[in-house]
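Comments concern the structure below.
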Amino acid sequence: MMYAVQALLVLLMLAGIYFLGNLVPRTDFQSTLGLFVLLFGLMFLVFALAKEETPWFFIFIAGLLLRFSLFLAIPQWSEDYARFLWDGEVLRLGENPYSETPAEFLEKHPLESSAMLDQLFPFLNSPDYYSVYPPLNQGIFWMAAKASNGLIANGIISLRLLLILGEIGVFMLFLKLLKSFQLSQKLLWLYWLNPLVILEVTGNLHFEGLVLLLLLATVLALKNKQHSTAGSFWGLAIGMKLLPLILLPAFIFHPETKKNTLLWFGALVAVIISFFWLIFNTASMNFFQSLMLYQGKFEFNASVYYLLREVGFWIQGYNTIGVLTKILSLVTMVAIAFFSWKKKPQTLTELVDLWVLIYLIYLILQPVVHPWYLIPAFGLSLLTGRNTFLIWTFAAIFSYRAYGNEIVVENQLFLLIEYCLVLAGIYLDYFLPKRKPNLTP
2 MMYAVQALLV LLMLAGIYFL GNLVPRTDFQ STLGLFVLLF GLMFLVFALA
52 KEETPWFFIF IAGLLLRFSL FLAIPQWSED YARFLWDGEV LRLGENPYSE
102 TPAEFLEKHP LESSAMLDQL FPFLNSPDYY SVYPPLNQGI FWMAAKASNG
152 LIANGIISLR LLLILGEIGV FMLFLKLLKS FQLSQKLLWL YWLNPLVILE
202 VTGNLHFEGL VLLLLLATVL ALKNKQHSTA GSFWGLAIGM KLLPLILLPA
252 FIFHPETKKN TLLWFGALVA VIISFFWLIF NTASMNFFQS LMLYQGKFEF
302 NASVYYLLRE VGFWIQGYNT IGVLTKILSL VTMVAIAFFS WKKKPQTLTE
352 LVDLWVLIYL IYLILQPVVH PWYLIPAFGL SLLTGRNTFL IWTFAAIFSY
402 RAYGNEIVVE NQLFLLIEYC LVLAGIYLDY FLPKRKPNLT P
């Protein structure tokens, strides 16, 4: 009987995910918010009804059905997929995606363009910027472009299949790690049915699911004392998104890893392989230039940064983003190094718990916090007993109020609601006196 009720709830989620991912434009914030809240509520109902003895295959099929409901969807919440396929198509044509911006490419090479590039160009959200995606990503984009046969829909499906395979890998790693860390298998529901994870990874084709896959593989390898393998997976995670590099101080202050030659060698080799093409690429400076511009020009869904920006307006009379982002980057690095030194994680779970804290520090101080940035930290947090990122995967939906009109304008009230919920999670996790999370495995 219980399985029948859970199956019914999953079917309701299936309908909600399908409508939200296929039919609801991001400009329709009321429908987006209503369906998202409903989906989160249904997920928690399934979680509450779940038993420890629930077969893992039942959980697996439920989440897989939700993901395949988006199989033919055009991403609704983000145009990033267009740049993924653009870079891949440029590579397929034998050109360098770092050499020119999309606008420059069409202007300088009108005869070398393809029908697919012409179709993608109107959907690009940054046609005047060089690509910021590392070579490891570019290889995936190239494969999607090769498989697309000149059709955008085929390219989207190719990327989606790869990301679903990555999600299956995440599920299998969670099965092993939850058992190894002596945690409830029920926690699988919170990731595998999480609406934000499904919509952002499978629906909107963001690669944070693959980053989580590599970080969980790092944890499992560390658990099994396979240090060179652990270093390699961490290095590949850096190659995928760069951001996992912020975990470096945690490795330095963990007794098992700080002087482990095999781990550092594995990480170094993986990073060199991941960035080899870029290292010897004459256009590599364009890649780093775009990264620096991204850090000093864009802002979205920030918290501390927005508060300090208002102070800057009050003192200077203009947006001090150029200076403020540099200061916050320095503060972030110092804070990460300080907490890594202060906590000095002794066990593997303490190390993972520190990773979650490092991600939290980084995201709280960043000027740009897209909802999909939360996914790696959220997945890791399920191994630690922390709830902040679970709460944030719900609260992040309020940031999409910015897309409620054709022109993106953030609503301060909805940002306040989001970050009040996040602050509540931080208080419950880190400041409320209570029994500490089980950090012994």
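According to my numbering, the sequence shown is numbered sequentially starting from 2. No residue lacks a Cβ here, since even glycine has one placed at the ideal position from N, Cα and C.
Segment limits, alpha helix (DSSP H) that includes residue i
i: L211; result: 209-224
i: A284; result: Note, A284: premise wrong, no alpha helix (DSSP H); not H, not E.
i: L178; result: 153-181
i: V91; result: 81-93
i: I62; result: 57-69
i: P26; result: Run containing P26: none; DSSP gives neither H nor E here.
i: K344; result: 322-344
i: S114; result: S114 -> no alpha helix (DSSP H), and no H or E assigned at all.
i: K242; result: 228-242
i: K187; result: Segment: none, K187 is in no alpha helix (DSSP H) and carries neither H nor E.
i: L137; result: 136-149
i: E419; result: 413-427
i: G386; result: No alpha helix (DSSP H) holds G386; DSSP gives it neither H nor E.
i: I253; result: 249-253
Buried or exposed (CB count within 10 angstroms, at least 16 for buried), residue i
i: W342; result: exposed
i: F234; result: buried
i: G323; result: exposed
i: V335; result: exposed
i: M3; result: exposed
i: M241; result: buried
i: F289; result: exposed
i: N261; result: buried
i: Q77; result: buried
i: E209; result: buried
i: F142; result: buried
i: F277; result: exposed
i: L160; result: buried
i: M130; result: For the record, residue 130 in the displayed sequence is Tyr; it is not Met. Burial call: buried.
i: L414; result: exposed
i: A51; result: buried
i: Y319; result: exposed
i: A218; result: buried
i: V332; result: exposed
i: T203; result: buried
i: F281; result: exposed
i: L73; result: exposed
Member of the options whose CA lies at the smallest distance from the CA of residue i
i: I253; options: V38, W143, Q347; result: Q347
i: E80; options: F45, Q120, K52; result: Q120
i: A1; options: G170, F340, P377, L43; result: Here the chain covers residues 2 to 442 and nothing more, so residue 1 does not appear.
i: S382; options: I247, S291, I280, L188; result: L188
i: I398; options: L244, N302, I328, V409; result: N302
i: I337; options: L361, T28, P368; result: L361
i: G17; options: I316, N287, G35; result: G35
i: A378; options: T389, P368, V369; result: T389
i: L244; options: A49, W356, L73; result: W356
i: L279; options: K327, V133, E201, L422; result: V133
i: Q296; options: Q367, L263, E311, V272; result: Q367
i: W193; options: F58, K345, F432, N412; result: F58
i: F175; options: V25, P136, E108, I60; result: I60
i: Y307; options: L416, G140, F45; result: L416
Length of the line joining the Cα atoms of residue i and residue j
i: P442; j: T350; result: In this prediction, P442 scores a pLDDT of 46, lower than 50, which makes its location untrustworthy; the coordinate-derived value is nonetheless stated afterwards. Looking at the two C-alpha atoms, the distance is approximately 6 Å.
i: E407; j: I365; result: 27 Å
i: F69; j: F314; result: 47 Å
i: P123; j: G95; result: 22 Å
i: A145; j: L429; result: 43 Å
i: S285; j: S100; result: 8 Å
i: V270; j: G236; result: 8 Å
i: G156; j: H110; result: 22 Å
i: V11; j: F41; result: 11 Å
i: L292; j: V409; result: 22 Å
i: Y401; j: V369; result: 13 Å
i: N225; j: A63; result: 30 Å
i: L325; j: V312; result: 10 Å
i: M14; j: T283; result: 49 Å
i: F395; j: Q31; result: 15 Å
i: A206; j: G151; result: For the sequence presented, residue 206 should be read as Leu rather than Ala. For L206 and G151, the distance between alpha carbons rounds to 19 Å.
i: K147; j: R93; result: 7 Å
i: I75; j: L21; result: 11 Å
i: L184; j: P56; result: 16 Å
i: L246; j: A5; result: 44 Å
i: G170; j: L43; result: 24 Å
i: F266; j: V220; result: 17 Å
i: P438; j: D354; result: Low local confidence applies: a pLDDT of 49 at P438 is under 50, so the model's placement there is unreliable, with the coordinate-based value given in what follows. Rounded to the nearest angstrom, the two C-alpha atoms are 9 Å apart.
i: F432; j: Q317; result: 35 Å
i: S149; j: L166; result: 18 Å
For residue i, the residue or residues it bridges with in DSSP
i: V369; result: F301
CB contact check: residue i to chain B, cutoff 7 Å
i: Q77; result: The structure shown has no chain B; it contains just one protein chain.
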